[in-house]
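Protein chains in written order, with the working numbering: chain A, 2 to 372; chain B, 2 to 99.
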């Protein structure tokens with residue numbers, strides 16, 4: 002039957018939730034790294050016992066933790082993230098130049114085939130790589146230095162590189178997304194990059210053809226069809242069928258197209274999930290009803306999934322890295338909220354149940370499908 | 002023997018309980034104490050002072066003998082009571098930043 006291990010990062014520690022394939026009885030371990038912000042944990046696809054965690058605090062900055070035993074124990078590894086060369090400046094909120102300064106790691110993306118290789122997306126936006134299990138890190142400067150970096154500005158949450166996707170069919174191809182700069186693609190293992198934002202419209206940008214400046218919140222890909230990407234932008238849900246060359250809007254009948262996470266069913270590449278949020282000022286579900294929306298048509302046509310989710314007085318948010326899917330036969334969908342709940346659906350979204358209700362605010366959710 | 006007290010979040014990171022006792026060679030200063038501390042506990046590198054600049058992180062403070070020594074130059078000798086181990090060197094998380 003197999004089982005699942007859900008890795009939850011919160012404002013005050015990490016939690017590991019495990020269950021068998023039924024996903025109805027859960028064991029909860031944690032908090033790991035109690036008191037620290039855990040922006041993200043993710044397991045290696047090549048070795049599920051290898052897990053990387055981004056641990057940070059306002060007092061003591063960044064720590065990277067590594068587990069070699071499936072999250073039972075962790076050891077700190079390297080935490081030195083120095084930008085390549087002279088970092089230069091990007092734009093500050095007021096449009097003035099601001100020096101590039103490392104703040105934290107938002108996202109860790111292990112290599113598809115080497116447990117010792119892992120990428121880190123950081124704030125201020127940059128992409129780092131480790132090839133020795135997280136002991137040492139070096140920047141892939143082609144992204145920050147490709148030409149538009151001096152024009153990038155932070156979003157409200159900081160200027161973060163929050164999404165890293167490795168194309169499973171063509172591992173030299175990678176995608177990265179930055180808030181609020183946009184989506185970028187590399188076809189040479191991250192050495193050189195270019196913006197891939199044509200078709201995005203952002204009302205805060207006067208130039209309708211602007212190549213950068215878009216507040217991309219999240220991008221998702223189905224492994225069987227890597228040329229198709231789905232995007233939750235600040236406003237608008239988008240899709241590309243040509244690896245980012247052009248995007249089109251697929252918001253359709255969503256009650257609001259603002260939101261943060263987006264994900265794809267493990268076995269149905271046209272089935273996608275979003276969590277609509279009222280607006281950029283109101284970071285909670287419309288009408289106080291927590292609804293996941295599912296499209297089985299690759300966008301445009303959406304249905305609300307509510308069974309088991311609170312349908313009154315609910316004013317939580319779901320952050321960009323806080324949704325995941327497992328790959329069991331009945332695809333499981335998971336998401337965590339800023340109110341500390343982690344929900345699971347073991348039937349692709351038809352029915353939901355809380356795994357835990359009272360964690361610290363959830364920053365990230367990842368799931369490992371175990372044999 | 003220098004006695005160092007870490008804040009709780011760094012004690013957990015370094016997997017230590019209570020005070021840390023360090024042998025410091027040469028003049029006892031903020032720099033030599035932190036060098037010895039990070040030598041014993043490499044996971045603390047970057048969490049008290051910046052990797053590159055070696056400057057104290059903004060929300061970390063250094064206290065000893067009922068004085069705030071945070072703004073002392075890194076090579077300023079620490080009080081004799083710290084150098085002799087009579088008093089601990091306190092590394093403190095400021096009342097902000099958590």
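Backbone N, C-alpha and C define an ideal beta-carbon position, used for all residues, glycine too.
Predicted model only: the values in this text are computed from it and were never measured.
For the beta strand (DSSP E) holding residue 55 (chain A), just list the boundary residues, first then last. The count along the first chain starts at 1 and reaches residue 55 (chain A) at position 54. Its beta strand (DSSP E) spans residues 52-58.
In whole angstroms, what separates the C-alpha of residue 254 (chain A) from that of residue 309 (chain A)? If you number the first chain from 1, residue 254 (chain A) lands on position 253. If you number the first chain from 1, residue 309 (chain A) lands on position 308. Approximately 22 Å, taken between the alpha carbons.
Whose Cβ in chain B lies nearer than 9 Å to the Cβ of residue 64 (chain A)? Numbered from its first residue, the first chain carries residue 64 (chain A) at position 63. Going along chain B in sequence order, the residues near residue 64 (chain A) (Cβ under 9 Å) are 14, 44, 47 and 48.
Can you pull the DSSP bridge partners for residue 166 (chain A)? Reading the first chain from its first residue, position 165 is the one you call residue 166 (chain A). Answer is A:176.
Determine, using beta carbons only, whether residue 107 (chain A) and residue 161 (chain A) come nearer to each other than 8 Å. Within the first chain, the letter at position 106 stands for residue 107 (chain A). Within the first chain, the letter at position 160 stands for residue 161 (chain A). Yes; because the gap between Cβ atoms is below 8 Å, this pair is in contact.
For a contact meaning CB atoms closer than 8 Å, what does residue 58 (chain B) contact in chain A? Locating residue 58 (chain B) in the second chain gives position 57, where the first residue counts as 1. Within chain A, the residues near residue 58 (chain B) are 60, 61 and 62.
State the DSSP-derived secondary structure class of residue 41 (chain A), mapped to helix, strand or coil. For the purposes of this step, residue 41 (chain A) is taken as residue 40 along the first chain, with counting starting at 1. Note: residue 41 (chain A) maps to strand in three-state DSSP.
How many Å lie between residue 361 (chain A) and residue 12 (chain A) at the Cα? Within the first chain, numbered from 1, the residue matching residue 361 (chain A) stands at position 360. Within the first chain, numbered from 1, the residue matching residue 12 (chain A) stands at position 11. Looking at the two C-alpha atoms, the distance is approximately 6 Å.
Where are the beta strand (DSSP E) runs, 3 residues long or more, that stay fully inside the stretch 90-175 of chain A, in chain order? Here the runs fully enclosed are 90-92, 98-100, 105-111, 119-124, 127-131 and 161-167.
Any beta carbon from chain A within less than 8 Å of residue 100 (chain B)'s own beta carbon? Residue 100 (chain B) lies beyond the residue range present for chain B, which begins at 2 and ends at 99; the question has no answer from this structure.
Should residue 74 (chain A) go down as buried or exposed, given a rule of 16 or more other Cβ atoms within 10 Å for buried? Position 73 of the first chain, counting from 1, holds the residue named residue 74 (chain A). Under the 10 Å beta carbon count, residue 74 (chain A) is surrounded by fewer than 16 other beta carbons and is classified as exposed.
I'd like to confirm the pairing. Which residues does DSSP put opposite residue 84 (chain A) in its beta bridges? The count along the first chain starts at 1 and reaches residue 84 (chain A) at position 83. Answer is none; residue 84 (chain A) lacks a bridge partner.
If you drop the 5 nearest sequence neighbours on each side, which residues of the same chain put their C-beta closer than 6 Å to that of residue 147 (chain A)? As a position in the first chain, residue 147 (chain A) is number 146, starting the count at 1. Cβ neighbours of residue 147 (chain A) beyond the five flanking positions: 194.
Kindly confirm or deny that the stretch 206-226 of chain A and the stretch 257-276 of chain A touch, where touching means at least three C-beta pairs closer than 8 Å. Contact holds: three or more Cβ-Cβ distances are below 8 Å.
Taking CB distances under 8 Å as the criterion, tell me whether residue 135 (chain A) reaches chain B. By 1-based counting over the first chain, the position of residue 135 (chain A) is 134. No, no contact with chain B.
Spatially closest choice to residue 288 (chain A) from A:281, A:298, A:294 and A:315, by CA coordinates: Position 287 of the first chain, counting from 1, holds the residue named residue 288 (chain A). Residue A:315 is the option with its Cα nearest to residue 288 (chain A).
Return the first residue and the last residue of the alpha helix (DSSP H) that residue 34 (chain B) is part of. Locating residue 34 (chain B) in the second chain gives position 33, where the first residue counts as 1. Start and end: 31-41.
Give every residue of the same chain whose Cβ lies closer than 7 Å to the Cβ of residue 64 (chain B), excluding the five residues on either side of it in the sequence, and list them in chain order. Taking the second chain and counting its residues from 1, one reaches residue 64 (chain B) at position 63. Within the same chain, residue 64 (chain B) has close Cβ partners 70, 91 and 93.
Looking at the C-beta of residue 107 (chain A), does it have a partner C-beta in chain B at a distance below 8 Å? Here the question's residue 107 (chain A) lines up with position 106 in the first chain. No, residue 107 (chain A) lies away from the interface with chain B (no Cβ there is under 8 Å from its Cβ).
Please tell me whether residue 36 (chain A) has its Cβ less than 8 Å away from any Cβ of chain B. Indexing the first chain from 1 puts residue 36 (chain A) at position 35. Yes - at least one Cβ of chain B is within 8 Å of the one on residue 36 (chain A).
May I ask you to verify whether the stretch 29-42 of chain B touches the stretch 48-59 of chain A, counting CB pairs closer than 8 Å and requiring at least 3? For the pair of segments examined, the stretch 29-42 of chain B was found not to touch the stretch 48-59 of chain A: the number of CB pairs separated by less than 8 Å stays below three.
When the Cα atoms are used, what is the spatial distance from residue 285 (chain A) to residue 251 (chain A)? For the purposes of this step, residue 285 (chain A) is identified with residue 284 of the first chain, where counting begins at 1. For the purposes of this step, residue 251 (chain A) is identified with residue 250 of the first chain, where counting begins at 1. So the alpha carbons of these two residues sit roughly 21 Å apart.
Rounded to a whole number of angstroms, what is the C-alpha to C-alpha distance between residue 19 (chain B) and residue 97 (chain B)? Looking up residue 19 (chain B) in the second chain gives position 18. Looking up residue 97 (chain B) in the second chain gives position 96. Their Cα atoms are separated by approximately 23 Å.
According to DSSP, what are the bridge partners of residue 18 (chain A)? Here the question's residue 18 (chain A) lines up with position 17 in the first chain. Paired residues: A:7 and A:29.
Could you tell me which chain B residues have their CB closer than 7 Å to the CB of residue 77 (chain A), listed as they occur along the chain? Along the first chain, one-based indexing puts residue 77 (chain A) at 76. Those are 14 and 44, listed as they occur along chain B.
Under 8 Å, Cβ to Cβ, is there at least one residue of chain B near residue 80 (chain A)? For the purposes of this step, residue 80 (chain A) is identified with residue 79 of the first chain, where counting begins at 1. The C-beta of residue 80 (chain A) comes closer than 8 Å to at least one C-beta of chain B.
In terms of alpha-carbon separation, which member of B:53, B:25, B:11 and B:10 lies closest to residue 103 (chain A)? Mapped onto the first chain, residue 103 (chain A) falls at position 102. For residue 103 (chain A), the nearest C-alpha among the options comes from B:53.
Given 7 Å as the limit, tell me if residue 90 (chain B) has its C-beta closer than that to any heavy atom belonging to the ligand SAH. In the structure shown, the ligand SAH is absent, as is every other ligand, since no ligand is present at all.
When A:36, A:15, A:359 and A:50 are compared against residue 372 (chain A), the one with the closest alpha-carbon: Numbered from its first residue, the first chain carries residue 372 (chain A) at position 371. Nearest of A:36, A:15, A:359 and A:50 to residue 372 (chain A), Cα basis: A:50.
Could you name the residues of the same chain whose beta carbon sits closer than 6 Å to that of residue 95 (chain B), not counting the 5 residues immediately before and after it, in chain order? Position 94 of the second chain holds residue 95 (chain B). These residues qualify, in order along the chain: 60 and 62.
Are there 16 or more other CB atoms within 10 angstroms of the CB of residue 338 (chain A), so buried, or fewer, so exposed? On the first chain, position 337 is the one that residue 338 (chain A) refers to. Answer is buried; the Cβ neighbour count reaches 16.
For residue 316 (chain A), write down the residues that DSSP places opposite it in a beta bridge. Here residue 316 (chain A) refers to the residue found at position 315 of the first chain. Partner(s): none; residue 316 (chain A) has no beta bridge.
Buried or exposed by the 16-neighbour rule on C-beta atoms within 10 Å, applied to residue 67 (chain B): As a working note, residue 67 (chain B) is residue 66 in the second chain. By the 10 Å Cβ count, residue 67 (chain B) comes out exposed.
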